[in-house]
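A.B. asks: Under my numbering, the first residue of the sequence shown is numbered 441, with each subsequent residue one higher.
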Amino acid sequence: MNAKEQDRFREVMLTRLQELDAEDELGRDSQSVVSLDQQSVGRLSRQDALLSQSMAKATQARRDGQRKALTAALSRLDEGEFGYCDDCGEDIALKRLELDPTATRCIGCASG
């Protein structure tokens with residue numbers, strides 16, 4: 441992989457990290473504590489709010505996982521290990537990395 445391709449992958453990953461930060465800001469209110477006052481909110485509305493809160497927390501966990509994977513990929517890029525399979529050491533296909541720059545295994549090793 442040449443320096444131009446590495447720079448392109450770095451830019452893609454940094455952009456995605458910024459997008460995750462922006463999504464975090466939007467999702468903070470959805471994760472807040474749900475009011476349990478049944479006088480102002482009916483039982484079904486409260487259950488709906490609890491479900492929405494649960495989904496927001498699951499979405500946050502997914503974003504945290506993506507952030508961790510992107511940070512690890514950036515570290516591999518800095519160390520010169522980006523684009524190599526963790527299992528066999530061969531190059532990971534550029535098309536695979538373009539689809540998922542956090543991929544750590546080539547298609548042969550990933551498919552078992």
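Note that beta-carbon positions come from the ideal geometry of N, C-alpha and C, so glycine has one too.
On a Cα-Cα basis, can you pick out the residue from 446, 499, 494, 509 that is closest to residue 456?
C.D. replies: The candidate whose alpha carbon is nearest that of residue 456 is 509.
A.B. asks: Where do the N-terminal and C-terminal ends of the alpha helix (DSSP H) with residue 547 fall, by residue?
C.D. replies: Counting along the chain, the alpha helix (DSSP H) containing residue 547 begins and ends at 547 to 550.
A.B. asks: If I'm right that residue 518 touches residue 524 with Cβ under 8 Å, what's the distance once you round it to whole angstroms?
C.D. replies: Not quite, the Cβ-Cβ distance comes to about 14 Å (not below 8 Å), so this is no contact.
A.B. asks: Is the CB-CB distance between residue 526 and residue 545 below 8 Å?
C.D. replies: Contact: yes.
A.B. asks: Taking C-beta to C-beta, are residue 451 and residue 503 nearer than 8 Å?
C.D. replies: Not in contact: residue 451 and residue 503 (Cβ atoms no closer than 8 Å).
A.B. asks: Can you check DSSP and say which residues form a bridge with residue 447?
C.D. replies: None, per the DSSP bridge assignment.
A.B. asks: Within 10 angstroms of its Cβ, does residue 453 collect 16 or more other Cβ (buried), or is it exposed?
C.D. replies: So residue 453 ends up on the buried side.
A.B. asks: For residue 537, count neighbouring Cβ atoms within 10 angstroms of its own Cβ and tell me buried if that reaches 16, exposed if not.
C.D. replies: Flag for residue 537 reads buried.
A.B. asks: Please state the DSSP three-state secondary structure of residue 464.
C.D. replies: In the structure shown, residue 464 sits in a helix (DSSP, three-state: H, G or I).
A.B. asks: Per DSSP, what are the beta-bridge partners of residue 531 in this structure?
C.D. replies: For residue 531, which the question treats as bridged, DSSP gives the partners 524.
A.B. asks: Can you give the Cα-Cα distance for residue 487 and residue 496, rounded to whole angstroms?
C.D. replies: Distance between the alpha carbons of residue 487 and residue 496: 14 Å.
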